[in-house]
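Numbers given in the numbering used here equal positions in the sequence shown, counted from 1, plus 3. The C-beta atom is built at its ideal place from N, Cα and C for all residues, glycine as well. Just so it is clear, the structure is predicted and the values come from calculations on it, not from any experiment.
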Amino acid sequence: MQDYRKLTVWNRSHQLVLDLYKLVNLFPKEEQFGLISQIKRAVSSMPANIAEGCGRNSNKDFAQFLNIALGSLNEVTYFILLAKDLKYINIEDYSKLTDECNEIKAMLISLIKKIREKN
Numbered sequence: 004m005q006d007y008r009k010l011t012v013w014n015r016s017h018q019l020v021l022d023l024y025k026l027v028n029l030f031p032k033e034e035q036f037g038l039i040s041q042i043k044r045a046v047s048s049m050p051a052n053i054a055e056g057c058g059r060n061s062n063k064d065f066a067q068f069l070n071i072a073l074g075s076l077n078e079v080t081y082f083i084l085l086a087k088d089l090k091y092i093n094i095e096d097y098s099k100l101t102d103e104c105n106e107i108k109a110m111l112i113s114l115i116k117k118i119r120e121k122n
């Protein structure tokens, strides 16, 4: 298939991973095996699934992995809301992160539609 590193949606997802990994370091230590772990797992799943899908031999498989990435993104969006409600992140960080998630979501949906149209 294609080199995932050339996909804008992969690059934006990867940057979101880096941003959230830095941010969760500021969370209370008691969240180490709770919310921190869940955020890291969900957010890193996004670019990983995009990359894995790029390595598949069919557009159908690629679209399926993009759908998994989309599900992980929805999970991340919830965890960001939870972190805000628990006062682990401020409203400014929350707004920036949710805006970025919404943009990545639109990109994923667009790419999924484009790939499905090829079938």
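Contact check, LEU84 vs LEU38, beta carbons under 8 Å
No. Outside cutoff.
Measure the alpha-carbon distance for LEU135 versus ASN105 and round it to whole angstroms.
No statement about residue 135 is possible, as the shown extent of the chain runs from 4 to 122 and does not include it.
Does the CB of GLN18 have a neighbour CB from chain B at under 8 Å?
The chain inventory of the structure shown lacks chain B, comprising one protein chain alone.
Within the same chain, show all residues whose beta-carbon is closer than 8 Å to that of PHE65, passing over the 5 residues directly before and after it, in chain order.
Within the same chain, and ignoring the five residues on either side of PHE65 in sequence, the residues whose Cβ sits closer than 8 Å to its Cβ are MET4, GLY56, CYS57, ARG59, ILE118.
Are LYS121 and ASN62 closer than 8 Å when you measure CB to CB?
Less than 8 Å divides the Cβ of LYS121 from the Cβ of ASN62.
Within this structure, are the beta carbons of VAL79 and PRO50 separated by less than 8 Å?
No; because the gap between Cβ atoms is not below 8 Å, this pair is not in contact.
Can you grab the Cα-Cα spacing for the pair ASN70 / TYR7, in whole Å?
In this structure, the alpha-carbon of ASN70 lies about 15 Å from that of TYR7.
Kindly indicate which three-state DSSP category SER16 falls into: helix, strand or coil?
Collapsing the DSSP output to three states places SER16 in a helix.
Which whole-angstrom value describes the C-beta separation of LEU76 and VAL12, a residue pair presumed to lie in contact below a C-beta threshold of 8 Å?
Actually they do not touch by this definition, with Cβ atoms about 10 Å apart.
Buried/exposed call for TYR81, threshold 16 Cβ in 10 Å
When all chains shown are included, TYR81 counts as exposed.
Check whether the Cβ of PRO50 lies closer than 7 Å to any heavy atom of the ligand SAH, and answer yes or no.
For the ligand SAH, the structure offers nothing, since it holds no ligand at all.
Three-state secondary structure (DSSP) at GLN35?
Reduced to three states, the DSSP call for GLN35 is coil.
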